[in-house]
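Numbering (the numbering used here), first residue to last: 223 to 427.
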């Protein structure tokens, strides 16, 4: 049986750019003063073991902690934000860097929404399973080579801060996904990209 995404049909998928200091630094960009928000279209979502069809020669990895909204939320405060989160899962914000940066302004949503470019899972984990949901380790490997290794405590804008910010503008709905950003170690920083036949793995801890 092939697993699908643990939230199969979210109505909204938010994603946050440059949300780890190290990733902003490796990108040569200043740290943002407010969350940099874009969307991944829902047609890109896939399960954790799905094949990843490469759209070109510059497809990049971005491991991300993904927060899943648990209730309708509007104008949530930072202090109350975790109560609006059903749980956490892992995802990849896979990115075709040629499509993303082909013009100005950049096409973040299109470059990150090819079929299979939003693998999520394998499980939605409730917050009480984490010793500290504000400090979750996450990593990414390409063919066994550890290319990313970070902790969500290094987020510029924490999960509660993101929920508060997004809910101040949009109504968040049960099952919505928030890709919270990626730590340093993405391929574009070193000119290394995914090749056919490689194994892309992510994990917690």
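Note that beta-carbon positions come from the ideal geometry of N, C-alpha and C, so glycine has one too.
If you're wondering where the values come from, they're calculated on a predicted model, not measured in any experiment.
Burial state of residue i (16 or more Cβ within 10 Å)
i           : result
residue 223 : exposed
residue 391 : exposed
residue 402 : buried
residue 275 : exposed
residue 375 : exposed
residue 412 : exposed
residue 404 : buried
residue 395 : exposed
residue 357 : exposed
residue 232 : buried
Residue j beta carbon less than 8 Å from that of residue i
i           : j           : result
residue 228 : residue 343 : yes
residue 237 : residue 303 : no
residue 367 : residue 421 : no
residue 340 : residue 313 : yes
residue 247 : residue 280 : no
residue 284 : residue 381 : no
residue 316 : residue 332 : no
residue 269 : residue 226 : yes
residue 399 : residue 290 : yes
residue 349 : residue 424 : no
residue 311 : residue 272 : no
Element boundaries [alpha helix (DSSP H), containing residue i]
i           : result
residue 243 : 243 to 248
residue 330 : 330 to 333
Delimiting residues of the beta strand (DSSP E) encompassing residue i
i           : result
residue 314 : 307 to 314
residue 321 : That residue, residue 321, is in no beta strand (DSSP E); its alpha helix (DSSP H) goes 319 to 322.
residue 359 : 359 to 364
residue 287 : 285 to 291
residue 237 : 235 to 239
residue 229 : Residue 229 -> no beta strand (DSSP E), and no H or E assigned at all.
residue 259 : 258 to 261
Whether or not the region 319 to 331 and the region 343 to 359 are in contact is what I'm after, with contact meaning three or more pairs of Cβ atoms, one per stretch, closer than 8 Å; do they touch? No: fewer than three Cβ pairs fall under 8 Å.
Whole alpha helix (DSSP H) runs in the region 367 to 422 with 4 or more residues, listed along the chain? Entirely contained in the region 367 to 422, the alpha helix (DSSP H) runs reaching 4 residues are, in chain order, 381 to 389.
With three or more beta-carbon pairs closer than 8 Å as the criterion, would you say the region 251 to 264 touches the region 290 to 306? Contact check between the region 251 to 264 and the region 290 to 306: fewer than three CB pairs, one atom from each, fall below 8 Å, which does not count as touching.
The region 259 to 271 touching the region 242 to 251, judged by at least three CB pairs closer than 8 Å: Short answer: they don't touch.
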